[in-house]
Amino acid sequence: MSRISSHPAPISARKHRGRMAWLLLAIVPVMFAFAFANIPLFRVWCEHYGIAVAPVNRAATTAADGRTLNMMFTGEVSTALPIQFEPKDSLQRVKVGERVENAYTFFNPTDQPIRFRAIHAIYPEAAAKTLALMQCFCFSDQELAPHQTKTLPVIYEVNPGLPGTVTEVTLNYTLFPK
Amino acid sequence: MSSAEVALAAAPEAKHYTGLLDWLTTTDHKKIGLMYLIFSLVNAWVGGLFAGMVRLRLYDPNWNFIKPEFFNQMLTMHATVMIFMVVMPAFVGFGNYLVPLMIGARDMAFPKLNAFSFWMLIPPSLMMYASFFTVGGSAQGGWWSYPPLSGAEFSPGAGESLWCLAIILLGISSIMGAVNFLVTIADMRAPGMGWMQMPLFVWATEITAWLLLLAVPILSGVLVMLLSDRIFHTGFFQPGLGGDPLLYQHLFWFFGHPEVYIMILPAFGIMSHVLPAFAHKPVFGYKGMVYALASIGVLGFMVWAHHMFTSGISPEAQIFFSTTSLIIAVPTGVKVYSWLASMWGGTIDFSAAMKFGLGFIGLFVIGGLNGVVLAIVPFDIAVHNTYFIVAHLHFVLFGGSVMGLMAATYFWFPKMTGRRLSEKLGNWHFWLFFIGFLWVFTPMHILGIEGMPRRVAFYRPEFTDLNRFISLGFLLLLAGGLIFTYNVIHSIRHGEPTPEPDPWKINDVQQSLEWMVPSPPPAWNFDEVPVYEEG
């Protein structure tokens, strides 16, 4: 496999080695800079996916004048109701007193028509009195034909009576069979 | 000009010192490698005694002579020392000693840079230990040093800042070492030795060097941000100033997970030498082993957020990181099966090195398998921050990396010193380590599932019995460590002499260049540059 011979040592390689080392070392400032580049990249990523870490913090500073908050939209289905549904925006940044629109998309994956009623809940309790729903699919019973997809709007407004300590409000819907 | 003449022409440039001055000024990769190994052994004692303090406190949390603050320091520094000042330098030490020999080179590509990398370890290590004497003591925020805990508000002392600075400096050493390895391996292989003829330990070092080069600057960057937050009150990780502590976790683990592989891949390489050697068979599935090493290296950059399943990442991200983490089991499985196949049907010689090698497989596979379980999000959420994680990481880091280092020490000690370590003491060492390890770390799975949180100096009364049992097991590991250290110190002067090139009589099948030069090798390794020929 290997034998000893008088093969000349690659002396001319010295320059080549130096060049290679500098090239490899160039990776170091790139990766170092990449760490810093993640500061803006991380914010973009979080905002895109609705992970509201950075925006919430900005809200915390502007909440002193009390007028900006996060609206979170969630939903669940009661037992044995095979509907799939989700909000258009799971998070909205809203100003107090501003009229805002969101929507939920419903899908019936079964071969049967389904009638259901959405019941809403607002957290925290302190916000419940000041969140006004102008239009909501929860006002009446809804029906989905087999395999039908339906998008229904929610229009709401947060009244100025909202306590200053509240910076985040969750609007949750639970669907019940009718 | 023949290579021998080149050697002679180059020789007069170097001044020749003897004794201590020789060691302080040497650029010989073998001496530097040995210094790395001695550095690791010394720090292993310090880090081990820190672990002893942790276990002492947990034997009975009512014994308040180890205060909770001191417990936190011990916990943080145990991990820091073991990772950055024991396991990493030890693998670099073996790499330094063995890589040039294995590829048929006279030295590393940049011998002075190599010496610089080693000596660069000393100031930050002293800084680390000096931090105990600052007001408030050393860092207490764990080796991951998450803000806000590691921020100026909750870690006001100088200890945490010194910790950050020391890790950044240790990183410079690692980066320089990595560049040196990459150039050496790329450019100094013996004529005829292609990439796919390199011994697997060289491959493991190559991949590890890439991981170091890509991951360590990220750690440096994130620690610069943390230091800046601490000292200049910037807001990188402070929500009040528009920053985000979660970003720290992402960046830290983007370094931190490749770091895990930095600490295990060289052990994989070592296993691919030790296990076939003592089964007297060539290694099975060489190509598969190389591809497995490389794919573990690549996948290692795609799993970081599995450390953060409970940190509020989205379900889509959880699924992604869970999947990539599970996929790593595939190349790892390829390696384990190849090692088993390498031994299959061989005549196995149960030397101390082989015992550590076999111990490695058993313990590492347990650690790897409970890692697979941990990659499953619901389970991870249930046991996150409990002793289950402590058990898992020690099964891979102690059962894997440390057992690998021990196997390497018994295996290559005759090459490095020309004397054999005592097999009898090695046997005692192995069984004390193996039983002591299982004694200490197996019950931690139970404690974790029952919900004992890690990193805390107190626990609920029902955990007392198991914690006392674990703390007693530490004594076995301590005894094993004492025997090993005595064995090393004694055998350097009084071990059985092994001046022949191949003291284990394995190179007829192993066919690796380091076993073709005398033990210990002469300063220039090879009288003439070897030429690698297949067959």
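Line by line, the protein sequences are chains A and B. Its first residue numbered 1, the first sequence is counted upward by one per residue in the numbering used here. Its first residue numbered 1001, the second sequence is counted upward by one per residue in the numbering used here. The beta carbon of each residue, even a glycine, is placed where N, CA and C say it ideally should be.
When C-beta distances to chain A are compared with 7 Å, the residues of the region 1206 to 1235 of chain B below that value are L1213, L1214, P1217, I1218, S1220, G1221, V1222, in chain order.
With contacts defined as CB atoms closer than 8 Å, A/Y104 and A/F139 fail to qualify as a contacting pair. When Cβ-Cβ separations below 8 Å define contact, B/V1046 makes no contact with chain A. At a cut-off of 8 Å between beta carbons, A/F36 contacts chain B. Rounded to whole angstroms, the Cβ separation of A/L175 and A/F116 is 5 Å, and the two are in contact under 8 Å. If you look at B/Y1017, you'll find it isn't in any beta strand (DSSP E); DSSP assigns it neither H nor E. Of the candidates B/I1376, B/L1299, B/Y1410, B/L1326, B/Y1410 places its Cα closest to the Cα of B/F1484. B/I1492 and B/R1419 have their C-alpha atoms some 7 Å from each other. Counting C-beta atoms within 10 angstroms of its own C-beta, A/L69 has 16 or more neighbours from the protein chains shown and is therefore classed as buried. Contact annotation for B/I1319 against chain A: no contact, minimum CB-CB distance about 13 Å [criterion: below 9 Å]. The shortest CA-to-CA distance from B/S1295 to any of B/K1031, B/F1094, B/G1333 is the one to B/G1333. Annotation: A/H147 is outside any beta strand (DSSP E) and is labelled neither H nor E by DSSP.
The beta carbons of B/F1433 and B/G1404 sit no closer together than 8 Å.
With a threshold of 8 Å between beta carbons, A/V28 makes contact with chain B. Only exposed fits A/A145, as fewer than 16 other CB atoms lie within 10 angstroms of its CB. Burial state of B/Y1017 is exposed, judged by a 10 Å Cβ sphere holding fewer than 16 other Cβ atoms. Annotation for B/P1530: the continuous beta strand (DSSP E) segment containing it runs 1530 to 1532. Within 9 Å of the CB of B/L1182, the CB atoms of chain A belong to M20, A21, L24, in sequence order along the chain. In this structure, B/G1256 places its C-beta atom within 8 Å of the C-beta atom of B/W1304.
Put simply, the CB of B/F1110 is near chain A, with a gap under 8 Å to one of its CB atoms.
Taking C-beta separations shorter than 7 Å and ignoring five residues to either side along the sequence, the partners of B/W1439 in its chain run G1473, L1476, following chain order. Secondary structure of A/E98 (DSSP, three-state): coil.
Within a 10 Å sphere around the beta-carbon of B/L1482 sit fewer than 16 other beta-carbons, which makes this residue exposed. Interface with chain A (8 Å Cβ-Cβ cutoff): B/D1187 is included. Comparing alpha-carbon positions, the option among B/K1287, B/V1274, B/P1331 lying closest to B/G1297 turns out to be B/P1331. Beta-bridge pairing by DSSP links B/T1386 to B/P1453. The beta carbon of B/N1507 is closer than 6 Å to those of W1515 in its chain, skipping five residues each way along the sequence. Listed along the chain, the chain B residues whose CB falls inside 9 Å of the CB of A/M31 are L1213, L1214, A1215, V1216, P1217, I1218, S1220, G1221. Residue-level contact by beta carbon fails for A/H48 and chain B, as no gap is shorter than 8 Å.
For B/G1256, there is no enclosing beta strand (DSSP E); the residue is part of the alpha helix (DSSP H) that begins and ends at 1245 to 1262. Bounds of the beta strand (DSSP E) holding A/R115 are 114 to 123. Looking at the DSSP output, B/G1159 sits in a beta bridge with B/S1138. Note that the region 1269 to 1276 of chain B touches the region 1350 to 1362 of chain B; at least 3 beta-carbon pairs, one per stretch, sit closer than 8 Å. For A/H16, the C-beta contacts it makes with chain B under 7 Å involve D1187, in order along the chain.
Of all C-beta pairs linking the region 1088 to 1099 of chain B to the region 1026 to 1038 of chain B, three or more are shorter than 8 Å, placing the two stretches in contact. The region 1054 to 1067 of chain B makes no contact with the region 1104 to 1116 of chain B, as fewer than three CB pairs between them are under 8 Å.
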